[in-house]
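S.K.: Residue 369 in the working numbering is what sits at position 203 of the sequence shown, and the numbering runs on without skipping anything. Here a beta-carbon is modelled for each residue, glycine too, at the ideal position from N, C-alpha and C. Keep in mind that this is a model prediction, so the values were computed, not measured. This is the structure I want to talk about, given as structure tokens.
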Amino acid sequence: MKRIILVLIICLLTSNIYGQISYEKGFYIDNSGQRKDCYIRNVDWKDNPTEFEYRLKENLESKTIGISDVKEFQIDSIAKYVRRTVNIDKSSENFEMMTYERNPVYEEETIFLEVLVEGRASLYRYENGDLVRFFYNTQETDLKQLVYKSYFVTSERINRNNEFRNQLWNTIKCPDSRISKVESLEYHEKDLTPYFINYNECAGSDYMYFEIKKNRDLFNLNIRPGIRFTTLNIQNNLSDIKEEFNAETSLRLGMEVEFILPFNNSKWALFAEPTYQYFKSDLEESSSSIDGVDYKSIEIPVGVRHYFFINKQSKIFINAAYVLDYSIGKSRVIRDFSNDLEISVADNIAFGIGYKHNDKLSLELRYQTTRDILSRFEFWFSEYQTTAIIVGYSIF
């Protein structure tokens, strides 16, 4: 079974490797100011890129071009990046790296800025790891960073430099603006973007709003029944006891919570799936005192999933999870003429591969590594192993 799953993963990844790559209409402007219409690979960058892949035509080989050769690039109305040499403060918001310096410490750097709002007043965003900075300019002012910085006042007290509010109040405000509105702004895209949109509207300016991060399905609740195929081997290291149970087929029922990570075109997700499972089997012919097994538990796989898009309706996924196991009821290995062996909690690892259609229906083949359900007994050893076929339906 392990070999079958490995072969399936390799075949699916190699056959669909290009399905996950989305090239969309766009253009870039080179250093001479010439516009090149092309198809740009939409990676949905979390961190601002320093290069990107493109094709001059959909069926041509892709090429990579870097920041030194491109003034700006745009994927239709989805995303736009412009090259700028800026003074940027990279002071950390991490408590362990914070300083007592209130004012920003600028470094000059050439970067791609993501355009959020473009108009009479424009808003830009830069992200690299934990560093997030916003920039702005107007028809009357040059590009500047909106200043926000955390700093120590004492070894146990932190203050924040919210100079960005003064910058907005002094340069970007509507005639009927109230200072209380600016004072309530936080240094977040969800606060700053509406502020810039509102200003452009009240100033009667045409503007472009890039909505790349809006209207995404970031949470799924899935019902996941399925069939489990289970084997169990038991042995005692001090005796000749060695029993192998017949493979059993049983039902499983899970309820999965899936969180889609808001970058990389929603290809990554985290999930948790409380699942009821049971295994009950009797030995028809036993050479030892072991008569059967009765094992019930709640498993909670917690893991990560990666999607490979085939088209708008279909996608393949692979996942890996750490499976927490909680025995319920009286789970035990049943013995004649001896005390039963109480089954222990036994965590393991799960790997899966599957297919999802229209973000509603899914089918997954999942393999779980062996677990020792008799680990509390010094001289007893067991190998409990399951493979499951799981059908999923997304409620929302």
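Give me, in chain order, the residues of the same chain whose beta-carbon lies closer than 7 angstroms to that of alanine 287; leave out the 5 immediate sequence neighbours on both sides.
M.R.: Closer than 7 angstroms at the Cβ level, and outside the excluded window around alanine 287, lie Tyr302, Thr304, Ile338, Phe362, Tyr365, Asn366.
S.K.: Going by C-alpha to C-alpha distance, which of Val348, Leu282, Asp513 sits closest to glutamate 549?
M.R.: Closest by alpha carbon: Asp513.
S.K.: Determine, using beta-carbon pairs with one atom in the segment 227-239 and one in the segment 186-197, whether at least three such pairs fall under 8 angstroms.
M.R.: The answer is yes - the segment 186-197 touches the segment 227-239, with three or more Cβ pairs under 8 angstroms.
S.K.: State the DSSP-derived secondary structure class of lysine 246, mapped to helix, strand or coil.
M.R.: Lysine 246: strand per DSSP, three-state reduction.
S.K.: Just the C-alpha distance for valine 271 and lysine 191, rounded to the nearest angstrom, thanks.
M.R.: Approximately 39 angstroms between the Cα atoms of the pair.
S.K.: Which residue's Cα is closest to the Cα of leucine 279: Phe330, Glu259, Ile254?
M.R.: It is Ile254 whose Cα lies nearest to the Cα of leucine 279.
S.K.: Which one or two residues does DSSP pair with asparagine 485 in a beta bridge?
M.R.: DSSP output for asparagine 485 lists Arg471, Gly518 as bridge partner(s).
S.K.: Which runs of the beta strand (DSSP E), 3 residues or longer, sit entirely within the segment 287-353?
M.R.: Listed in chain order, they are 287-294, 297-304, 315-320, 323-327.
S.K.: Which residues in the same chain have their Cβ closer than 8 angstroms to the Cβ of serine 181, if we skip the five residues on either side of it in sequence?
M.R.: At serine 181, the pLDDT of 43 sits below 50, so the modelled position is not reliable and the matter cannot be decided from this model.
S.K.: Cβ atoms of aspartate 203 and asparagine 430: under 7 angstroms apart, would you say?
M.R.: Not in contact: asparagine 430 and aspartate 203 (Cβ atoms no closer than 7 angstroms).
S.K.: Helix, strand or coil: which one does DSSP assign to tyrosine 638?
M.R.: With the chain covering only 167 through 562, there is no way to say anything about residue 638.
S.K.: Can you tell which of Leu404, Asp457, Arg201, Arg331 has the C-alpha that lies nearest to the C-alpha of glutamate 544?
M.R.: Of the listed residues, the one whose Cα sits closest to glutamate 544 is Leu404.
S.K.: Rounding to the nearest angstrom, what Cα-Cα distance links tyrosine 559 and glutamine 534 in this structure?
M.R.: Approximately 22 angstroms between the Cα atoms of the pair.
S.K.: Would you tell me roughly how many angstroms separate the C-alpha atoms of lysine 229 and isoleucine 241, rounded to the nearest one?
M.R.: Answer to the nearest angstrom: the Cα atoms are 16 angstroms apart.
S.K.: Check whether the Cβ atoms of isoleucine 456 and glutamate 409 lie closer than 7 angstroms to each other.
M.R.: Yes, these two residues count as a Cβ contact at 7 angstroms.
S.K.: Apply the 10 Å Cβ neighbour rule to tyrosine 314 and answer buried if 16 or more other Cβ atoms are within range, or exposed otherwise.
M.R.: That one is buried.
S.K.: Does the segment 412-432 touch the segment 312-326, meaning 3 or more C-beta pairs lie closer than 8 angstroms?
M.R.: No: the two stretches stay apart, fewer than three of their Cβ pairs being nearer than 8 angstroms.
S.K.: On the criterion of 16 or more Cβ atoms from any shown chain inside 10 Å, does asparagine 524 qualify as buried, or is it exposed?
M.R.: The residue in question, asparagine 524, is exposed, as its Cβ has fewer than 16 Cβ neighbours within 10 Å.
S.K.: Let me check understanding here. Comparing Cα to Cα, which of Ile407, Ile466, Leu222 lies closest to arginine 201?
M.R.: Of the candidates Ile407, Ile466, Leu222, the one whose C-alpha sits nearest the C-alpha of arginine 201 is Leu222.
S.K.: Which runs of the beta strand (DSSP E) at least 3 residues long sit entirely within the segment 410-465? Give them in chain order.
M.R.: Fully enclosed beta strand (DSSP E) runs of 3 or longer: 414-426, 434-438, 441-448.
S.K.: Going by other Cβ atoms of all chains shown within 10 Å of its Cβ, with 16 needed for buried, is aspartate 491 buried or exposed?
M.R.: Under this definition aspartate 491 is a buried residue.
S.K.: Where does isoleucine 324 land, buried or exposed, given buried means 16+ other C-beta within 10 angstroms?
M.R.: With fewer than 16 Cβ atoms within 10 Å of its Cβ, isoleucine 324 is classed as exposed.
S.K.: What does the alpha-carbon distance come out to for the pair lysine 462 and isoleucine 555?
M.R.: Going by the C-alpha atoms only, they are around 19 angstroms apart.
S.K.: First and last residue of the beta strand (DSSP E) that includes leucine 282?
M.R.: From DSSP, the beta strand (DSSP E) with leucine 282 extends over 272-284.
S.K.: Provide the residue(s) that pair with alanine 554 in DSSP beta bridges, ordered along the chain.
M.R.: Note: alanine 554 sits in a beta bridge opposite Arg394, Arg532.
S.K.: Does the separation of the CB atoms of glutamate 293 and aspartate 213 fall below 7 angstroms?
M.R.: In contact: glutamate 293 and aspartate 213 (Cβ atoms closer than 7 angstroms).
S.K.: If you draw a straight line from the C-alpha of serine 243 to the C-alpha of arginine 207, how long is it?
M.R.: Looking at the two C-alpha atoms, the distance is approximately 14 angstroms.
S.K.: Using 7 angstroms as the threshold, is the C-beta distance between phenylalanine 425 and leucine 436 below it?
M.R.: It is a contact, given that the beta carbons lie within the stated cut-off.
S.K.: Please identify the residue among Asp296, Val423, Asp448 whose C-alpha is closest to the C-alpha of glutamate 439.
M.R.: For the residues Asp296, Val423, Asp448, the minimum Cα distance to glutamate 439 belongs to Val423.
S.K.: Inspect the CB distances between the segment 493-509 and the segment 465-472 and report whether three or more fall short of 8 angstroms.
M.R.: Segments in contact, no.
S.K.: Quick one: Cα of glutamate 217 to Cα of isoleucine 233, how far?
M.R.: Going by the C-alpha atoms only, they are around 6 angstroms apart.
S.K.: Given a threshold of 16 other Cβ atoms within 10 Å of its Cβ, counted over all protein chains shown, does lysine 478 qualify as buried or as exposed?
M.R.: Exposed is the call here.
S.K.: Closest to proline 391 by CA distance: which of Met421, Asn402, Glu329 is it?
M.R.: Answer by Cα proximity: Met421.
S.K.: To which residues does DSSP link lysine 159 through a beta bridge?
M.R.: The structure shown has nothing for residue 159, since the chain only spans 167 to 562.
S.K.: With H, G and I counted as helix, E and B as strand and the rest as coil, what does DSSP make of serine 504?
M.R.: Here serine 504 sits in coil by DSSP.
S.K.: Report yes if the C-beta distance between valine 499 and leucine 529 is below 7 angstroms; otherwise report no.
M.R.: No, they are not a contact pair.
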